[in-house]
Every structure is written in C-alpha cells, then in structure tokens.
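Residue numbers (this note's numbering): 751 to 851.
The beta-carbon is built from N, C-alpha and C at its ideal position, and this holds for glycine as well.
Here is the structure we will look at.
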C-alpha cells in the first residue's frame, strides 16, 4: 500500500464518499486542506471494510489508523470528544484511506 495521506470513516459506499469529497465545493461543503489538495492521482480505498458498528467503534478504529499512518491531511483533533452525542445504532461503517496511485 502506498503512503496514506488521509484517513476517514464513513457509512457511505466508497464511490459516493469519493464523489462528495471531489465535488465538495459545488455541494457547498467545507473546503478542507484535504479537499483542496485532491487530484486525479489520489485513490480512495478501504482500510477497514464496512461491517455493523456503532459510531464510537468506528471512530476508535479511525483514530488508531491515524496514529499508525500519521496522514498529513488529517486535522489534529479528537473526533470522539468533539461529538455531543454519538450514534449508537449499528450500521455498516468502515475506515478508508487516500493514497497516491
């Protein structure tokens, strides 16, 4: 696997998620450093395939992978402590990484 430059978690299908990031400006989403830097050479791939998890479970996995790979486009904040209330529903959730092809 190439160097991972971004790690995130989602309950979306990977192609839908990638479209959201690549078309963020047109959809009115916040243009993060990562979204501004996206290029056609960047590839989205699953690091942890979706399975039935709570939001807390997937955020813990995401945090571990951020600590492991130290991706340069992840912001320095704790996603779990920022949330007022975590979704406790079991849903298919996974962790993805973005690399250069």
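Do you know how far the Cα of residue j is from the Cα of residue i?
i: residue 779; j: residue 849; result: 22 Å
i: residue 794; j: residue 835; result: 28 Å
i: residue 789; j: residue 851; result: 10 Å
i: residue 817; j: residue 811; result: 10 Å
i: residue 771; j: residue 837; result: 22 Å
i: residue 806; j: residue 757; result: 16 Å
i: residue 774; j: residue 781; result: 7 Å
i: residue 754; j: residue 792; result: 10 Å
i: residue 819; j: residue 813; result: 10 Å
i: residue 804; j: residue 787; result: 30 Å
i: residue 768; j: residue 785; result: 10 Å
i: residue 800; j: residue 766; result: 14 Å
i: residue 825; j: residue 802; result: 26 Å
Can you check whether the CB of residue j is closer than 8 Å to the CB of residue i?
i: residue 797; j: residue 846; result: yes
i: residue 823; j: residue 783; result: yes
Got a sec? Which residues, its chain only, sit under 7 Å from residue i by beta carbon, not counting five neighbours each side?
i: residue 821; result: 754, 755, 756 and 757
Inter-stretch contact at 8 Å, needing at least 3 Cβ pairs: the stretch 835-845 / the stretch 752-761: Counting C-beta pairs closer than 8 Å gives three or more between the stretch 835-845 and the stretch 752-761, which meets the contact rule.
In chain order, each beta strand (DSSP E) run of at least 3 residues that lies wholly inside the stretch 784-836: Runs of the beta strand (DSSP E) inside the stretch 784-836: 792-803.
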